[in-house]
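In this note's numbering, the protein residues as written are 879 to 1240.
Glycine included, each C-beta is placed from N, C-alpha and C at the ideal position.
Some notes on the structure that comes next.
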Ligand SMILES: Cc1ncc(COP(=O)(O)O)c(C=O)c1O
């Protein structure tokens, strides 16, 4: 992928022929053979998609080591997989989940995407940005009545061309039923539907790719959890290796472990037992915060230069540090924590964060 990016920094959209010629002229044929076959196969299906993807999304976000006296004292190494750096607006697990869904939509020749979410949804925000970038029309089915003034997330989505279709909470609960989808089809025509939060089998395929990018030895992989799609993709990518720790953002979501098992089973045809979901750091429930969590997020940025948000990544890192402090990891362990992005979500907490923190995402 990167070879082609280098070849086309000039910016003009290439034809398939110039694309291949360029590839050959820059790289001896034996070096590019399998790569070019792969790229050309994908190019035939979806040329614009690849070109735009390579041009604007970071394909291999780095691992950043955290240096802290606590880690030294406990003999633990902590690295952050910086998926938040993939793209300013289509970042973290949102891109990982969207990548193969967009490819599937393109392969099925759909021009319209439909997805679902609430007024501050990271998924709605990222899907609106991705649809705009990759040339899809897009409808967001939004939970609740249309308010007098839209949340910054929905303003952004509308600005990117997403049509917002508000439905009351009762109707929203039916969003996955055949009947509701048929009604949407009658109203809007044929579409490719991406579930709320983006979790489906294509999402797992995208998340799995993270594992191939982890080029250091490690013992634990940590991730925030909502629907369980991200942790499921990590598990299928790891194929039973290492230990995976999920940090639930939802209180008492006791069905989460079963949901992860089902996703893994549906995707990989087996179950993996090398994971545990921690429910101790939800801070009172989904999107709930307290002063300690907010201060932790601010200190994290000051000390390590990494922005977190309060719904997912803030809670995971708070939990991880607390577990390290209590000696829950053996000395000599290496932990990788996945930064799943979602930084636009900071706009839901204007009372705690200066607007300059989230303005850059809008
Ligand atoms: C930033 C962020 N991190 C983590 C999650 C949780 O991911 P999942 O729903 O796949 O468990 C979400 C929600 O999708 C999210 O937006």
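For this session: Look at the alpha carbon of residue 990 and the alpha carbon of residue 1016, and state the distance between them as a whole number of angstroms.
Result: Within the chain shown, numbered from 1, the residue matching residue 990 stands at position 112. Within the chain shown, numbered from 1, the residue matching residue 1016 stands at position 138. So the alpha carbons of these two residues sit roughly 5 Å apart.
Problem set entry | Straight-line gap, residue 1231 to residue 1148 (C-alpha atoms, nearest Å) | The count along the chain shown starts at 1 and reaches residue 1231 at position 353. The count along the chain shown starts at 1 and reaches residue 1148 at position 270. Put simply, the backbone Cα of residue 1231 is about 44 Å away from that of residue 1148.
Problem set entry | Cα-Cα separation between residue 1163 and residue 1043, rounded to whole angstroms | Reading the chain shown from its first residue, position 285 is the one you call residue 1163. Reading the chain shown from its first residue, position 165 is the one you call residue 1043. Straight-line Cα distance between these residues: approximately 27 Å.
Exercise. Where does residue 955 fall in DSSP's three states?
Worked result: As a first step, residue 955 is located in the chain shown; it is residue number 77 there, counting from the start. It is a strand residue.
Problem set entry | Buried versus exposed call for residue 1224 [16 or more other C-beta atoms within 10 Å across all chains shown] | What you label residue 1224 is simply residue 346 of the chain shown in a count that begins at 1. The residue is buried, with at least 16 neighbouring Cβ atoms inside 10 Å.
Problem set entry | Residues near residue 1235 in its chain [Cβ-Cβ closer than 8 Å; skip 5 each side] | Residue numbering aside, residue 1235 sits at position 357 when the chain shown is read from its first letter. The residues are 1185 and 1224.
Problem set entry | Heavy atom of ligand 1 within 7 Å of residue 1102 beta-carbon | Taking the first residue of the chain shown as position 1, residue 1102 is located at position 224. Because some heavy atom of ligand 1 lies under 7 Å away, the Cβ of residue 1102 counts as near it: yes.
For this session: Look at the alpha carbon of residue 1113 and the alpha carbon of residue 1026, and state the distance between them as a whole number of angstroms.
Result: Position 235 of the chain shown, counted from the first residue, corresponds to residue 1113. Position 148 of the chain shown, counted from the first residue, corresponds to residue 1026. Straight-line Cα distance between these residues: approximately 43 Å.
Exercise. Going along the chain, which unbroken runs of the beta strand (DSSP E) with 3 or more residues stay wholly within the region 986-1013?
Worked result: Whole beta strand (DSSP E) segments, 3+ residues: 990-995.
Exercise. Any heavy atom of ligand 1 closer than 7 Å to the Cβ of residue 1184?
Worked result: For the purposes of this step, residue 1184 is identified with residue 306 of the chain shown, where counting begins at 1. No - ligand 1 has no heavy atom lying nearer than 7 Å to the Cβ of residue 1184.
Exercise. Looking only at its own chain, which residues have a Cβ that is under 6 Å from the Cβ of residue 1138, when we skip the five neighbours before and after it?
Worked result: Within the chain shown, residue 1138 is the residue found at index 260, counting from 1. Counting only Cβ-Cβ distances below 6 Å, and skipping sequence neighbours, we find 1106, 1109 and 1110.
Problem set entry | Distance between beta carbons of residue 1213 and residue 956, contact taken as under 8 Å | For this step, residue 956 is matched to residue 78 along the chain shown. For this step, residue 1213 is matched to residue 335 along the chain shown. Contact annotation, residue 956 with residue 1213: C-beta distance approximately 5 Å; criterion of less than 8 Å satisfied.
Exercise. Is residue 905 helix, strand or coil by DSSP?
Worked result: In the chain shown, the residue the question calls residue 905 occupies position 27. With a pLDDT of 39 at residue 905, under the threshold of 50, the predicted position of this residue should be treated as unreliable, though the coordinate-derived value follows. Residue state, collapsed to three classes: coil.
Problem set entry | Bridge partner(s) assigned by DSSP for residue 1121 | Counting from one through the chain shown, the residue named residue 1121 turns up at place 243. 1098, per the DSSP bridge assignment.
Exercise. Looking at the structure shown, is residue 1186 part of a helix, part of a strand, or coil, going by DSSP?
Worked result: Locating residue 1186 in the chain shown gives position 308, counting from the first residue. DSSP places residue 1186 in coil when its eight states are reduced to three.
For this session: Count the other CB atoms, across all protein chains shown, that sit within 10 Å of the CB of residue 1093; report buried if there are 16 or more and exposed otherwise.
Result: Taking the chain shown and counting its residues from 1, one reaches residue 1093 at position 215. Note on residue 1093: under 16 other CB atoms within 10 angstroms of its CB, so exposed under the neighbour-count rule.
Problem set entry | 8 Å contact criterion, which residue 1115 and residue 1155 should meet: CB distance rounded | Taking the chain shown and counting its residues from 1, one reaches residue 1115 at position 237. Taking the chain shown and counting its residues from 1, one reaches residue 1155 at position 277. Taking a contact as a CB-CB distance under 8 Å, the pair residue 1115 and residue 1155 does not count as one, their CB atoms being some 17 Å apart.
Exercise. In terms of residue numbering, what span does the alpha helix (DSSP H) encompassing residue 1237 cover?
Worked result: In the chain shown, the residue the question calls residue 1237 occupies position 359. Run containing residue 1237: 1234-1237, per the alpha helix (DSSP H) assignment.
Problem set entry | Inter-stretch contact at 8 Å, needing at least 3 Cβ pairs: the region 969-985 / the region 948-955 | The region 969-985 is not in contact with the region 948-955.
Exercise. Among 1229, 1078 and 1119, which has the Cα closest to the Cα of residue 1141?
Worked result: Counting from one through the chain shown, the residue named residue 1141 turns up at place 263. When each option's Cα is compared against that of residue 1141, the closest is 1078.
Exercise. For the beta strand (DSSP E) that residue 943 lies in, which residues bound it at each end?
Worked result: As a working mapping, residue 943 is identified with position 65 in the chain shown. Counting along the chain, the beta strand (DSSP E) containing residue 943 begins and ends at 941-944.
Exercise. Hey, quick one: how far does the beta strand (DSSP E) through residue 1018 stretch, first residue to last?
Worked result: Working through the chain shown from its first residue, we reach residue 1018 at position 140. Its beta strand (DSSP E) spans residues 1015-1021.
For this session: Report, in whole angstroms, the separation of the C-beta atoms of residue 1120 and residue 1152, which I expect to be a contact under 8 Å.
Result: Mapped onto the chain shown, residue 1120 falls at position 242. Mapped onto the chain shown, residue 1152 falls at position 274. About 6 Å separates the Cβ atoms of residue 1120 and residue 1152, confirming a contact at the 8 Å cut-off.
Problem set entry | Reduced DSSP category for residue 1092 - H, G, I as helix; E, B as strand; rest coil | Here residue 1092 is taken as the residue at index 214 of the chain shown, counted from 1. Residue 1092 carries a coil assignment under DSSP once its states are collapsed to helix, strand and coil.
Exercise. Expressed to the nearest angstrom, what Euclidean distance is found between the alpha-carbon atoms of residue 977 and residue 1081?
Worked result: For the purposes of this step, residue 977 is taken as residue 99 along the chain shown, with counting starting at 1. For the purposes of this step, residue 1081 is taken as residue 203 along the chain shown, with counting starting at 1. Taking C-alpha positions only, residue 977 is separated from residue 1081 by approximately 8 Å.
For this session: Kindly provide the ranges of any alpha helix (DSSP H) runs that are 4 or more residues long and lie completely inside the region 1024-1071, ordered along the chain.
Result: Runs of the alpha helix (DSSP H) inside the region 1024-1071: 1030-1037, 1047-1050 and 1056-1066.
For this session: Within the same chain, show all residues whose beta-carbon is closer than 8 Å to that of residue 1046, passing over the 5 residues directly before and after it, in chain order.
Result: Counting from 1 along the chain shown, the entry for residue 1046 is found at position 168. Excluding its 5 nearest sequence neighbours in each direction, residue 1046 has C-beta neighbours in its own chain below 8 Å: 1022 and 1023, listed in chain order.
Exercise. Which term fits residue 1083, buried or exposed, when burial requires 16 or more other beta carbons within 10 angstroms of its beta carbon?
Worked result: The count along the chain shown starts at 1 and reaches residue 1083 at position 205. Residue 1083 is buried by the Cβ-count criterion.
Exercise. So who's on the other strand from residue 1212, going by DSSP bridges?
Worked result: On the chain shown, position 334 is the one that residue 1212 refers to. Paired residue(s): 955.
For this session: Tell me whether residue 1001 counts as near ligand 1, meaning its Cβ is closer than 7 Å to at least one heavy atom of that ligand.
Result: Walking along the chain shown from the start, residue 1001 turns up at place 123. The answer is yes for residue 1001.
Exercise. So which of 939, 1073 and 994 has the shortest CA-CA distance to residue 1035?
Worked result: Along the chain shown, read from residue 1 onward, the residue named residue 1035 stands at position 157. Taking each of 939, 1073 and 994 in turn and checking the Cα distance to residue 1035, the smallest one comes out for 994.
Exercise. Could you give the distance in angstroms between the alpha-carbon of residue 1179 and the alpha-carbon of residue 1195?
Worked result: To locate residue 1179, count along the chain shown from 1; it is residue 301. To locate residue 1195, count along the chain shown from 1; it is residue 317. Going by C-alpha positions, residue 1179 is about 12 Å away from residue 1195.
Exercise. Quick one: does the C-beta of residue 1109 sit closer than 7 Å to a heavy atom of ligand 1?
Worked result: In the chain shown, counting from the first residue as 1, residue 1109 sits at position 231. Checking the 7 Å criterion, the Cβ of residue 1109 is within range of a heavy atom belonging to ligand 1.
Exercise. If you draw a straight line from the alpha carbon of residue 1201 to that of residue 1030, how long is it in whole angstroms?
Worked result: Numbered from its first residue, the chain shown carries residue 1201 at position 323. Numbered from its first residue, the chain shown carries residue 1030 at position 152. Each residue's alpha carbon lies about 34 Å from the other.
For this session: Look at the alpha carbon of residue 1227 and the alpha carbon of residue 1001, and state the distance between them as a whole number of angstroms.
Result: In the chain shown, the residue the question calls residue 1227 occupies position 349. In the chain shown, the residue the question calls residue 1001 occupies position 123. Using only the alpha carbons, I get a separation of about 18 Å.
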